[in-house]
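Step one of this worksheet: look at the structure below.
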Amino acid sequence: MKRKLAKLSRVEREKVELEYHRMQPEEFDELMTGAKPHSPDVIRLPKRLVETLKNVAKTEGEPEYKAMVRRWVEERLRQETKLATKSSKRTYSRKAALRRQIVK
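So the sequence shown is numbered by our numbering: it starts at 20 and just counts up by one.
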């Protein structure tokens with residue numbers, strides 16, 4: 020939701036916030052049950068690294084450096100997953116080829 024709000028103009032954001040404030044507790048609870056759960060894991064980083072990350076985020080136009088770091092981690096994880104999948108397929112095909120040779 021935060022990303023969606025960040026893309027809105029100030030006036031539109033205020034309208035959305037006002038809408039939330041006008042909700043009944045039951046409506047809000049129902050809305051929140053559909054929200055994505057996040058784990059409260061924390062990674063402690065040296066202060067200098069955090070300052071550098073904040074500067075990079077500012078130059079990239081990111082409102083918050085943590086969102087940028089999260090995006091980087093997700094991108095890298097996708098890359099590593101693809102590599103691991105390709106690697107496991109190659110390993111499997113080599114093993115299958117060896118088995119075929121042994122059976123013959």
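No residue lacks a Cβ here, since even glycine has one placed at the ideal position from N, Cα and C.
- When secondary structure is reduced to three states using DSSP, Met-87 falls in the helix class.
- Between Glu-70 and Ala-76, the gap from beta carbon to beta carbon reaches 8 Å or more.
- In this structure, Met-87 and Glu-79 form a Cβ contact; the two beta carbons are roughly 7 Å apart against a cut-off of 8 Å.
- Between Glu-36 and Leu-27, the alpha-carbon positions lie close to 12 Å from each other.
- Taken through DSSP and simplified to helix, strand or coil, Leu-50 comes out as helix.
- If you look at His-40, you'll find it in the alpha helix (DSSP H) that goes 29–41.
- If you compare the alpha carbons of Ala-103, Met-42, Val-61 with that of Arg-89, the shortest gap goes to Val-61.
- A direct Cα-Cα distance of roughly 26 Å separates Glu-38 from Glu-81.
- Spanning the alpha carbons of Arg-67 and His-40 requires a straight line of approximately 39 Å.
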